[in-house]
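Structure first, then comments.
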Amino acid sequence: MPGGATVWSSYRFLCIFPRSTRSRLSNPFRFQLGIGVCCGLHCSILEWVLMELGSYSDQSKSTFSLVDEDHTFANSVRFTLNQDPRVSFCGYSIPHPSDNRVNIRVQTTGDPAKEVLKDGCQDLMLMCQHVRSTFANAVSDFKGTQQNMDTT
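When the letters of the sequence shown are read in order and numbered with this note's numbering, they come out as residues 804 to 955.
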């Protein structure tokens with residue numbers, strides 16, 4: 804199974820597939836993050852959503868290229884990663900306004916940039932869940948006060 808993904812019948816998943824290429828210049832490497840579908844033991848890729856450009860010798864500096872993302876996600880990830888003490892630099896750019904892609908550059912103090920990006924995305928997900936639950940509680944409190952005002 805590519806990338807060690809769990810097999811479920813007709814299940815859409817996100818997994819890192821070992822699609823590596825090497826170049827003679829400064830030994831860069833790439834891996835791609837794909838969304839795929841598994842049926843039994845056969846997996847097919849629906850879409851490649853992330854590519855990492857970096858170096859085998861120094862995994863603490865990488866550029867991640869995300870497809871179908873814009874400033875909303877990139878700025879949130881940049882903010883989250885810059886709060887991490889392991890990150891020495893994080894920034895993003897959109898190569899061209901008509902290009903549906905965001906490049907996120909991550910440089911760490913020694914940890915692999917891929918792991919730091921993954922941790923940053925998980926932290927961002929936790930923040931979003933907290934905002935969602937806080938908002939839902941505020942809405943239910945507001946509706947409760949509105950009902951109390953209507954009955955009096």
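Every residue gets a Cβ at the ideal spot worked out from N, C-alpha and C, and that includes glycine. Since the model is a prediction, treat every value here as computed from it, not as a measurement.
| said: Quick check: what's the CA-CA separation for Val909 versus Asn951? | reply: 51 angstroms
Would you grab the beta carbon distance between Ser863 and Gly913 for me? Rounded to a whole angstrom, and I think it's under 8 angstroms. 6 angstroms
Practice item. Thinking Pro898 and Asn906 are a contact (beta carbons under 8 angstroms), I'd like their distance in whole angstroms, please. Key: 6 angstroms
| message | List, from N- to C-terminal side, the beta strand (DSSP E) runs of 3 residues or more that fit wholly inside the segment 875 to 942. | response | 890 to 896, 904 to 911
- Task: Report all residues from its chain with a CB closer than 7 angstroms to the CB of Asp926; omit the five preceding and five following residues, and keep chain order.
- Result: Thr883
Less than 9 angstroms between the beta carbons of Val890 and Gly857, yes or no?
no
Query raised in the report: Ser865 and Leu920: beta carbons closer than 9 angstroms?
Result: yes
- Message: Within 10 Å of its beta-carbon, does Thr911 have 16 or more other beta-carbons around it, so buried, or fewer, so exposed?
- Response: buried
Cβ-based burial, Val934 [other Cβ within 10 Å; buried from 16]
exposed
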